[in-house]
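All the letters of the sequence shown, read from the start, carry residue numbers -17 to -1, 1 to 405 under mature numbering (1 follows the signal peptide of the UniProt record, and there is no 0). From the three backbone atoms N, C-alpha and C, an ideal C-beta is built for every residue, glycine too. Here the structure is a predicted model, which means the values were calculated and not measured. Heads up, the thing below is written out as structure tokens.
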Amino acid sequence: MGLVWLLFFCGVSSTVALDNGLALTPPMGWLTWERFRCIIDCKTYPMECISENLIKRTVDLMVSDGYRDAGYEYVGIDDCWLEKTRGPDGRLVPDRERFPSGMKALADYIHSRELKFGIYQDYGNLTCAGYPGVLGYERLDIDTFVSWDADYIKLDGCYIEPTEMDSGYPAFGKLLNDTGRPILYSCSWPAYQEDKKMLPDYASIAHHCNLWRNWDDIDDSWWSLERIMDWFGDNQDRLAPYAGPGHWNDPDMLLIGNFGLSEDQARVQMAVWSVLAAPLLISADLATMKPEFRRILLNRDIIAVDQDPLGKQGLRVYKEKKIAIWTRELSQGAYAVAFVSHRTDGAAYVYRYTLKDIKLPEQIYDVQDLYHEEPHRIATPNEEFAVKLNPTGVKFYKFVPRFAKNEDLKEVVLVKGNSLGN
Ligand SMILES: *[C@@H]1O[C@H](CO)[C@@H](O)[C@H](O)[C@H]1NC(C)=O
Ligand SMILES: *[C@@H]1O[C@H](CO)[C@@H](O)[C@H](O)[C@H]1NC(C)=O
């Protein structure tokens, strides 16, 4: 306990952001991995293989379907874009059949649509899927990425010892900095250390990376989503203090728009991710996105919670009887509160909570349903707040304090008491 608190307070006082001017709010964009994995057979899967066609099609849809205007900015290629061997000059070579125009041309296409270009590599000898990694070629590879005008590098951690990462990831970050090009730096450093039950040095990670994958990959199911939410809730005291402008915990990609989540479950992920100040990285086929999922991804009120300028990661403040409550402090004294049901027994039940249960300061709030289904209401310290939750569903609200000062609060309670008495 003592150690945990010591770490907590040291973290708060000594965390210094990676000073590259990027990710002042959690990065938003699109990334191939969760949906498209390592599909490299373009004959069998012409619409799904990792290729410049997939990226260009996605870029066009990000513009035409409103994702870019909602803030989704980075378009990232994850693993499986490479040839299996480096070129004669030692440089990385993109797969010649799937990226025939080369990465610079693809980056130009992305930039011409006012989006940004993300690329994947791995700190070890090989990438996780077995393509050449950067180990021993760090400087050359960064030079290559810069020549392609890359804006974002996700550096994975397969084929390298997790004990090497405490020095390796900062060294790679130093080389990135030396180029003078602002490149968002996504580290998988703690994920591999957590996996080995090591205690990652989050102060150092937050100092050297813009975002970092803390734990396991997400898969396309409610089961996987629940596991990740549980882990982030259970470990929040070790993680949340290190999130802030320039540096974010990353619970992994959004599943929304794929096969595994119902509409209710997709709403859960969008709500909890925004409470966690998580990067919002869509990994879905935008060409086949159903309108109900697109609406969730484009919900501007929820995106505004995720992107809140205070940059404070929210916490799971309650977990009992298969209900979890997640609360995030926002700028201007407001709060975002997500009530999540983990029940699967059929009916939508009503639950009642006090402001104390939700861990909100006792004052009067205007409450707005961020999924826009309920009318505005008022929450007060004297009444329980009722929420009706679908099984594996969410209600997500913004609580905006109606009066700033305590005297005002007393007055209102008094007036309210009077009006009830009349
Ligand atoms: C990486 O490859 C080199 C050369 O083959 C080898 O010496 C080294 O042990 C490898 N490192 C890891 C972590 O596998
Ligand atoms: C490199 O690091 C310095 C010192 O932290 C910082 O001021 C500068 O903005 C960084 N440059 C880039 C391109 O990341």
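Distance from the C-beta of G4 to the nearest heavy atom of ligand 2 is below 7 Å.
Its Cα nearest to that of L280, the residue W256 stands out among Y334, Q351, W256, D200.
At least one heavy atom of ligand 2 is found less than 7 Å from the C-beta of P165. Around the Cβ of Q104, a 10 Å sphere holds 16 or more other Cβ atoms; the residue is buried.
Excluding residues up to 5 positions away in sequence, G54, Y55, E56, L263 lie with their Cβ nearer than 6 Å to the Cβ of M11 in the same chain. Counting along the chain, W231 sits inside the beta strand (DSSP E) bounded by residues 231 to 233. F19 and N241 have their C-alpha atoms some 11 Å from each other. With a cut-off of 7 Å, the C-beta of N282 is classified as distant from ligand 2, since no heavy atom of the ligand falls inside that distance. Between S34 and K87, the C-beta gap is not smaller than 8 Å, which leaves the two residues out of contact.
Distances between the C-beta of N160 and the heavy atoms of ligand 2 include at least one below 7 Å.
For E80 and D213, the gap between their C-alpha atoms comes out near 42 Å.
Taking C-beta separations shorter than 7 Å and ignoring five residues to either side along the sequence, the partners of V46 in its chain run R96, following chain order. As for any beta strand (DSSP E) of minimum length 3 sitting wholly inside the region 252 to 306, the runs are 263 to 265, 298 to 303, ordered along the chain. M45 carries a helical assignment under DSSP once its states are collapsed to helix, strand and coil. Counted as a single uninterrupted DSSP element, the stretch harbouring I102 is not any alpha helix (DSSP H) but the beta strand (DSSP E) occupying residues 99 to 105. Runs of the alpha helix (DSSP H) lying entirely within the region 322 to 392, each at least 4 residues long, are 338 to 341 in chain order. The way I'd put it, the region 135 to 148 does touch the region 98 to 112; three or more beta-carbon pairs between them come closer than 8 Å. The beta carbons of V58 and I93 sit about 5 Å from each other, so the pair counts as a contact at 8 Å. With fewer than 16 other Cβ atoms from the protein chains shown falling within 10 Å of its own Cβ, P358 counts as exposed. In this structure K273 is exposed. Its beta-carbon is surrounded by fewer than 16 other beta-carbon atoms within 10 angstroms. Residue pairing of Y28 in beta bridges, as defined by DSSP: absent, with no partner found. At a threshold of 7 Å, E144 counts as near ligand 1, since its beta carbon sits closer than that to one of the ligand's heavy atoms. Annotation for W195: the continuous beta strand (DSSP E) segment containing it runs 194 to 196.
Remark: the C-beta of L118 is in contact range of ligand 1, defined as less than 7 Å to any heavy atom. Sorting R51, L14, K26, C21 by C-alpha distance to the C-alpha of I38 places L14 at the top. Around D132, the same chain offers A90 as residues with beta carbons nearer than 6 Å, after the five sequence neighbours per side are excluded. If you look at S169, you'll find it in the beta strand (DSSP E) that goes 167 to 170. Distance from the CA atom of T8 to the CA atom of P71, rounded to whole angstroms, is 41 Å. Around the beta carbon of H355, fewer than 16 other beta carbons sit within 10 angstroms, so the residue counts as exposed.
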